[in-house]
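Peer 1:
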Amino acid sequence: MRAGYNAANPAFNPPTPDLASVENSTAPGDGAGQPDVPIRIYRPRFAPAVAPALVFFHGGGWVMGDLESHDALCRIVAARSDAVVIAVDYRLAPEHRFPAAVEDCEHAWRYIAENARRLDVDPARLAVGGDSAGGNLAAVIARRLRDAGGAQPVFQALIYPATDFTAEGGSLVENATGYFLTKAAIDLVSSMYVPDAGARRNPDASPLLADDLSGLPPALVQVAGYDPLRDEGVAYADRLREAGVTVELIEYPTVVHGFMRMIKPVAMAQAALDDYAAALRRVFREA
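Convert by adding 50 to the 1-based position in the sequence shown; the result is the number in this note's numbering.
1) Given this structure, state the Cα-to-Cα distance separating residue 306 from residue 276, to the nearest angstrom.
2) Is it right to say residue 199 is buried, meaning 16 or more other beta carbons lie within 10 angstroms of its own, or is it exposed?
3) Measuring CB atoms only, is the segment 79-91 touching the segment 124-139, in the sense that at least three cross pairs come out at less than 8 Å?
4) Three or more C-beta pairs under 8 Å: does that hold for the segment 60-69 against the segment 111-126?
5) By the three-class DSSP mapping on this structure, what secondary structure does residue 142 have?
6) Across which residues does DSSP place residue 181 in a beta bridge pair?
7) What does residue 88 pair with, by DSSP beta-bridge criteria?
8) Just how far apart, CA to CA, sit residue 271 and residue 209?
9) Which word fits residue 184, buried or exposed, when buried means at least 16 other C-beta atoms lie within 10 angstroms of its C-beta?
10) Name the DSSP beta bridge partners of residue 93, please?
11) Roughly how many whole angstroms lie between the Cα atoms of residue 214 and residue 326?
12) Evaluate residue 193 with the Cβ neighbour count: other Cβ atoms within 10 Å of its Cβ, from every protein chain shown; 16 or more gives buried, anything less gives exposed.
13) When you compare only the Cα positions, how much space is there between residue 298 and residue 269?
14) On the three-state DSSP scale, how would you describe residue 220?
15) Measuring CA to CA, which of 227, 81, 202, 255 is closest to residue 240?
Written out as C-alpha cells, the structure is:
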C-alpha cells in the first residue's frame, strides 16, 4: 500500500521550482516516550531572513505518506507563498495507532515554535496545514494549542480535511465509488488508525465533533466536488464560521480527493495551489 502510494510520484509531480535550500532535520524526542520526529525545511529563494512558516502535515489516510510523497507540493507552496514550509513525518498506523500521529504533530509544532529564531522563522507568523489526514491533524493541533494556551498558529490551511470518523450519508454515499478515494478505502484506513469505535468520537480524532471551536485561528478549507469527504470539510468550515472564526471555503467541483497532489495530470491542481499560496501570503502579510 505505501509503496504504491509513493510510486505515483513520477506521474503526479511536475518539475519543481528552485528553492534557496531544502534541509532534513529532526524535532528531538523528549526522552519520556515521545520519539524523534523527522522534519524537512523548505526555504524559498525570496523569503526574508526571518520568514513566516507553514508547518505541514501530509495526507495518506494516517497509514501512508511521508516526506517524499508530498515533496513536490511542499516545494511549490514554499515558492509561491514566499514562506518557509516545514513538513512533518509523523508515525503511521497500523504500527502506531491513534493518537500517535497527533502526539508527533503537536511535538513537532512545539519544537518549531520554541526554536523559531534558530530556524530563521518568525514565531509570530506560524501557520499549520495539511491535506486529507494531514488536514485532520492540522485542525486537531490548532484546537489543542488553543486549549493549552501559549503559542498558537495564526492560520489553519486545510486541504480536503477528514473531520468526522462518525459521518454517514451525503457525499460518503454520493461519491462512494468511482472517484479515486472510495468509501471502502476510508473504512479500511479508519480501522487501522482508530480501531476503537468509541475513540472515533474523540475530537482529537474527529475535530468536527469538538464542543467548542471558538477562538481558533482563521482558516482556509479547500474541498473537492467528487470526494467522499467533501461534506465533512464543508461542515467543519460551517461550524468554524458559526463559532465566529473567519473562514474561506473553496470548492473545486469537478475534481476528486487528492487532486492537489496530482499536480502534473490535473490542471485544477495548479489553480488550487495558487489559492493555497495566496491565502498564506495574505495572512502572513497581515499578521
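Where is the CB? At the ideal position from N, CA and C, for every residue including glycine.
Peer 2: Straight from the coordinates:
1) In the sequence shown, the residue the question calls residue 306 occupies position 256. In the sequence shown, the residue the question calls residue 276 occupies position 226. Using only the alpha carbons, I get a separation of about 5 Å.
2) As a working mapping, residue 199 is identified with position 149 in the sequence shown. It is exposed - the Cβ of residue 199 has fewer than 16 other Cβ atoms within 10 Å.
3) yes
4) yes
5) As a working mapping, residue 142 is identified with position 92 in the sequence shown. Three-state result, residue 142: coil.
6) Residue numbering aside, residue 181 sits at position 131 when the sequence shown is read from its first letter. DSSP, once it has assigned bridges, lists 209 as partnering residue 181.
7) Working through the sequence shown from its first residue, we reach residue 88 at position 38. According to DSSP, residue 88 bridges with 76.
8) The residue you call residue 271 lines up with position 221 of the sequence shown. The residue you call residue 209 lines up with position 159 of the sequence shown. Spanning the two alpha carbons is a distance of roughly 6 Å.
9) For the purposes of this step, residue 184 is identified with residue 134 of the sequence shown, where counting begins at 1. Residue 184 is buried by the Cβ-count criterion.
10) Looking up residue 93 in the sequence shown gives position 43. Its beta-bridge partners are 71.
11) Counting from one through the sequence shown, the residue named residue 214 turns up at place 164. Counting from one through the sequence shown, the residue named residue 326 turns up at place 276. If I take the Cα positions, the gap works out to 23 Å.
12) Numbered from 1 along the sequence shown, position 143 holds the residue referred to as residue 193. With 16 or more Cβ atoms within 10 Å of its Cβ, residue 193 is classed as buried.
13) Indexing the sequence shown from 1 puts residue 298 at position 248. Indexing the sequence shown from 1 puts residue 269 at position 219. Roughly 6 Å separates the two Cα atoms.
14) Translated into positions along the sequence shown, residue 220 becomes position 170. Coil, per DSSP.
15) Here residue 240 is taken as the residue at index 190 of the sequence shown, counted from 1. It is 255 whose Cα lies nearest to the Cα of residue 240.
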